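Q: Starting off with a structure, shown below.
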Amino acid sequence: MMTGCCCCCCCVLLGRQTNSTANVKLALDAGLIQPDRVGKGEAAAALCMHQFHRVFAVSRVPGTTCDAMRISKGQRHIVVLAQGLFFVLNVIDERGAAVATQAILSQLKAIVAEAQRIRQHASDDLDASGSFPDISCLT
Numbered sequence: 000m001m002t003g004c005c006c007c008c009c010c011v012l013l014g015r016q017t018n019s020t021a022n023v024k025l026a027l028d029a030g031l032i033q034p035d036r037v038g039k040g041e042a043a044a045a046l047c048m049h050q051f052h053r054v055f056a057v058s059r060v061p062g063t064t065c066d067a068m069r070i071s072k073g074q075r076h077i078v079v080l081a082q083g084l085f086f087v088l089n090v091i092d093e094r095g096a097a098v099a100t101q102a103i104l105s106q107l108k109a110i111v112a113e114a115q116r117i118r119q120h121a122s123d124d125l126d127a128s129g130s131f132p133d134i135s136c137l138t
């Protein structure tokens with residue numbers, strides 16, 4: 000979670016992590032990630048990687064009796080939650096390459112600044128205690 004000015008080492012690490020994760024997604028989509036193996040030598044068995052494709056771009060769609068998973072192809076963004084607000088952050092560019100770490104960091108800084116600006120100017124949404132009402136975002 001980022002707070003403050005977003006100029007600390009943890010923010011740089013977050014930018015690197017986001018870039019690395021985008022590269023893993025691209026490698027997975029391209030079939031470049033080999034299955035892990037159990038055992039040694041020729042007897043080593045490949046582990047199933049079917050679930051790997053459900054790590055990225057997956058939504059849970061509520062149903063009446065059972066929820067369903069929706070896997071979206073070709074997504075280039077992640078959703079960032081900053082101060083209770085949702086923002087879209089592109090992590091894969093138009094050419095299909097991972098966005099550079101510095102560009103991701105710049106976008107994260109802009110998101111934090113925008114979230115702070117919105118919160119400062121949204122006094123109409125304050126509850127009786129003078130704070131924003133807490134809403135569960137991730138259930």
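By numbering that gives the first Met the number 0, the letter at position 71 of the sequence shown is numbered 70, and the numbering carries on one by one without gaps.
Backbone N, C-alpha and C fix where the C-beta goes; we use that ideal spot for every residue, glycine too.
From a predicted model like this one, the values you see are computed outputs, not experimental measurements.
Taking the alpha-carbon positions, what's the H76 to L27 distance?
A: Distance between the alpha carbons of H76 and L27 is about 16 Å.
Q: Quick check on the burial criterion: 16 or more other C-beta atoms within 10 angstroms. Buried or exposed for L13?
A: L13 should be labelled buried.
Q: Taking the straight line between their C-alpha atoms, what separation do you get for I110 and K39?
A: Using only the alpha carbons, I get a separation of about 48 Å.
Q: Can you name, in chain order, every residue of its own chain whose Cβ lies under 7 Å from the Cβ of P34, other than the five neighbours on each side?
A: Excluding residues within five positions, the ones whose Cβ falls inside 7 Å are A45, L46 and M48.
Q: What does I77 pair with, by DSSP beta-bridge criteria?
A: Note: I77 sits in a beta bridge opposite L88.
Q: Within 10 Å of its beta-carbon, does T63 have 16 or more other beta-carbons around it, so buried, or fewer, so exposed?
A: Exposed: under 16 other Cβ atoms inside 10 Å.
Q: Could you tell me the distance, in whole angstroms, from the CA atom of K72 to the CA atom of F55?
A: Their backbone Cα atoms lie some 9 Å apart in a straight line.
Q: Just to confirm before moving on: does the CB-CB distance between L25 and I91 stay below 8 Å?
A: Cβ atoms of L25 and I91: closer than 8 Å.
Q: Let me know the beta strand (DSSP E) ranges lying completely inside the region 30-75, each 3 residues or longer, listed in chain order.
A: If we require 3 residues or more, the beta strand (DSSP E) runs fully inside the region 30-75 come out as 57-60 and 67-70.
Q: For A21, collect the residues of the same chain with a Cβ closer than 6 Å to its Cβ; drop the 5 residues on either side in sequence, then sort them by chain order.
A: V90, I91 and A97.
Q: Return the Cβ separation of L84 and I32 in integer angstroms, given the expectation that the two are a contact with Cβ distance under 8 Å.
A: Contact flag wrong, Cβ pair sits at about 34 Å.
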